[in-house]
């Protein structure tokens, strides 16, 4: 029978492994692409547009989040909007209704302008 320290050691390893896989989207790649907008050295490509410019029924992949306000960033993360996610626009007026995987989220135009997508 295993002793208590061995069981807790196994649980802590499992917890660290699970945390590492959950945090994977936040690891910054080595090719200097950032999750956040840096006006000094970033040149947007022609395919990148803000989410509010997508029309109803169009899809795009999130490239980065252009926000320095922590409350807006928390809102976006709670909705599941992360770089690399595919977003489909279901409605554009009066609020933006988005589909992220099997979840639908609503936001105003100001928050939609903070999301940079690639068509």
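Numbering (our numbering), first residue to last: 88 to 206.
Backbone N, C-alpha and C fix where the C-beta goes; we use that ideal spot for every residue, glycine too.
Give every residue of the same chain whose Cβ lies closer than 8 Å to the Cβ of residue i, excluding the five residues on either side of it in the sequence, and list them in chain order.
i	result
residue 195	182 and 183
residue 143	176, 177, 178 and 179
On the DSSP bridge list, what partners appear for residue i?
i	result
residue 46	Only positions 88 to 206 of the chain appear in this structure, which leaves residue 46 out of reach.
residue 207	A question about residue 207 goes unanswered here, because the residues of the chain that appear run from 88 up to 206.
Only counting the same chain, and skipping five residues up and downstream in sequence, which positions put a Cβ closer than 7 Å to that of residue i?
i	result
residue 146	173, 174 and 175
Which residues in the same chain have their Cβ closer than 6 Å to the Cβ of residue i, if we skip the five residues on either side of it in sequence?
i	result
residue 192	166 and 185
residue 199	138, 139 and 183
residue 135	150, 203 and 205
Using the Cβ count rule (16 or more neighbours within 10 Å means buried), how would you classify residue i?
i	result
residue 179	buried
residue 154	buried
residue 161	exposed
residue 164	exposed
Let me check understanding here. Comparing Cα to Cα, which of the options lies closest to residue i?
i	options	result
residue 203	99, 138, 133 and 100	138
residue 205	189, 141 and 159	141
Am I right that residue i and residue j are in contact with their C-beta atoms under 8 Å? What's the rounded C-beta distance?
i	j	result
residue 170	residue 151	6 Å
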